[in-house]
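Here is the structure we will look at.
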Amino acid sequence: MKHQQTPRESMYMSRGVVCAAAVVLAGCASVNKQPVSAGAKSELRDQRVATTKRAVPDFAAMTAGKAAFAVLGALAMISEGNGIIARNKVADPADAIAAGLVASLAGGYSARAADQPVSVAVDDVAGVATAANGAARFIVDVQTLNWSFGYFPSDWTHYRVIYTAKARLIDAQSKSVVAEGFCKQIPETNEGAPTYDELLAGQAALLKARLAAAGEACLQTLKAEMLSL
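So in my numbering, the last spot in the sequence shown is 240, and the numbers never skip.
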């Protein structure tokens, strides 16, 4: 039988969600959406474009029991989430998004894909440009800001997969951002939402599928808003 929340339970769980989310989403940053300029479009022609490679970001598994403990609960969510990602070899959607954007630049603006990604551990534009070390004129830097799953506030037994990311097209020569975008995929209703066990069954097959779908939706958003393609 489905658990019916009392008003007191709803109040505590809502507070838990807010407090835990504040910790889980602390890495989110503001993004200035900027479509690629006409000048940058022309400069992309025949230029190599590389993606960035970053460390796997923290993943939060937000369950009702952990959310009630606010900050400590959020740390437990991240610990559990990182374990899920590692055990099931779940890919960060940022890599596929970046590869898709490079392919779009090649097809739309005659750019050339670099052979290898650029490993980076910094966020500042100059640092990313320096890391390229001449390997590419332009860099597509996609960063996952939040990937997680959590229960619905009105339905503790079903879960939604959340994904947000930012992307930048960086000119390594001028060490400047020539295009920037943001995307988010946050299901609003619990229609068709899986249970915890369903989400993680078969080496987290459904979690992988939902993240891949979110990544593809983000790719399409960024292609249109950031690259004008």
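Glycine included, every Cβ here is placed at the ideal spot set by N, Cα and C.
Per DSSP, Gly203 lies in no beta strand (DSSP E) segment and is marked neither H nor E.
Spanning the alpha carbons of Lys44 and Leu156 requires a straight line of approximately 15 Å. Within the region 91 to 169, the runs of beta strand (DSSP E) at least 3 residues long that lie entirely inside it are, in chain order, 149 to 163. Between Leu180 and Val172, the gap from beta carbon to beta carbon reaches 8 Å or more.
Note that the C-beta distance between Gly119 and Leu240 is below 8 Å.
Beta-bridge partners assigned by DSSP to Gly192: Ala178. Around Gln196, the same chain offers Tyr174, Ala225, Ala228 as residues with beta carbons nearer than 6 Å, after the five sequence neighbours per side are excluded.
For Gly92, the closest of Glu236, Gln154, Tyr207 by C-alpha to C-alpha distance is Tyr207. Apart from the 5 residues on each side of it in sequence, Glu236 sits with its Cβ closer than 6 Å to the Cβ of Gly192 in its chain, given in chain order. Sorting Leu116, Met73, Ala146, Ser121 by C-alpha distance to the C-alpha of Ser130 places Ala146 at the top.
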